[in-house]
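Numbering (our numbering), first residue to last: 2 to 174.
Some notes on the structure that comes next.
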Amino acid sequence: MLKIIGMLIVIVTSTGVGFYIPRLHKNKIEFLMDIRQSFCLLKNEINYAVNTIVVSFFNIQEKASNQYVKQFFYDMYEHLQNKDGISLKNIWEKGVNDLLYKEKINESEARHIKTFGNSLGYLDKEQQLRNIDFLVEGLDEIILKHKENHEKHSKLYSRMGILVGLMVAIVML
């Protein structure tokens, strides 16, 4: 009886892991799409609302749907509002590094966002808008790669979870 319960626990656990991993990939895609959307909002704030970067960050954090993206733009707003003597580039890098830690985005994904921060506030309006377009295009490519990877591997992970659980259960017999 205990052996059967143990086998069921192994099967359920491995199946759960098999379905959990694709969910992590889907969450990452949604997170990257939220970041992309926030930069599109930034573009609109600069282009149409003609707001300062400080006001734009505040407005974006109010509209963002992901809690980490909200926090990122709120932190940017707070640092710029306090005028604590830290350059915008350093504030931006710290914020991106915090995102890197919280949402587990990798270095290449973070590099696109960090590069954008290097020129933030230094360029004229048109160059800034082009820079945002460049960042959004880079994020689109990253999102597309993740979507293709998710479609390719999600069924594999779920089926492998089930099969590994069954295999271990058979070995336990």
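Where is the CB? At the ideal position from N, CA and C, for every residue including glycine.
Check	Outcome
Separation of Trp-93 from Gln-82, as counted between CA atoms	14 Å
Range covered by the alpha helix (DSSP H) that runs through Ala-170	126-173
DSSP state of Gly-86 mapped onto helix, strand, coil	coil
When Leu-121, Asn-119, Val-97 and Ser-120 are compared against Glu-110, the one with the closest alpha-carbon	Val-97
Three or more C-beta pairs below 8 Å linking the region 36-44 and the region 64-75	yes
With 16 other Cβ atoms within 10 Å as the buried cut-off, status of Ser-15	buried
Sequence-distant residues of its chain with Cβ nearer than 8 Å to Glu-31 (five each side left out)	Asn-67
C-beta atoms of Met-173 and Met-8 nearer than 7 Å	yes
Validate contact between the region 19-35 and the region 141-160 using beta carbons, cut 8 Å, 3 pairs	yes
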